[in-house]
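Numbering (my numbering), first residue to last: 1 to 101.
Shown next, in the form of structure tokens:
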């Protein structure tokens with residue numbers, strides 16, 4: 001499969017995944033307020049980018065959606081953020097990190 005075909009397939013997978021997530025959240029009372037949200041953030045040249053801003057019962061929620069076709073893609077995105085958070089907690093508080101999967 002060439003690179004163009006892979007990109008198209010990846011975009012279609014992301015689109016189906018996003019649609020599915022939106023359906024599930026909307027069934028639970030969430031409403032989309034904005035898509036592809038950009039906020040200015042110190043230290044980030046392009047600012048903070050989020051997939052969605054949603055609301056439910058007068059509350060606002062920032063939503064990031066990750067979709068992966070295969071386990072290797074999924075594991076990297078799924079584990080990276082918790083590992084970084086555990087490392088930061090260890091540096092700041094001296095707590096020993098535990099990641100349960």
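Where a beta carbon is used, it is the ideal one built from N, C-alpha and C, also for glycine.
The model shown is predicted, which means the values in this text are computed figures rather than measured ones.
Check: Grab me the residues of residue 54's own chain with a C-beta within less than 7 Å of its C-beta, minus the 5 sequence neighbours each way, in chain order.; Outcome: 25, 30, 31, 32, 33, 61, 63
Check: So the beta strand (DSSP E) residue 34 belongs to, where does it begin and stop?; Outcome: 31 to 39
Check: Would you kindly work out how many angstroms separate the C-alpha atoms of residue 27 and residue 75, rounded to a whole number?; Outcome: 27 Å
Check: Helix, strand or coil: which one does DSSP assign to residue 55?; Outcome: strand
Check: Here's the rule I'm using: 16 or more other beta-carbon atoms within 10 Å means buried, otherwise exposed. How should residue 52 be labelled?; Outcome: buried
Check: Could you tell me the distance, in whole angstroms, from the CA atom of residue 23 to the CA atom of residue 59?; Outcome: 19 Å
Check: Using a Cβ-Cβ cutoff of less than 6 Å, which residues in the same chain neighbour residue 39 once the five nearest sequence positions on both sides are dropped?; Outcome: 47, 48
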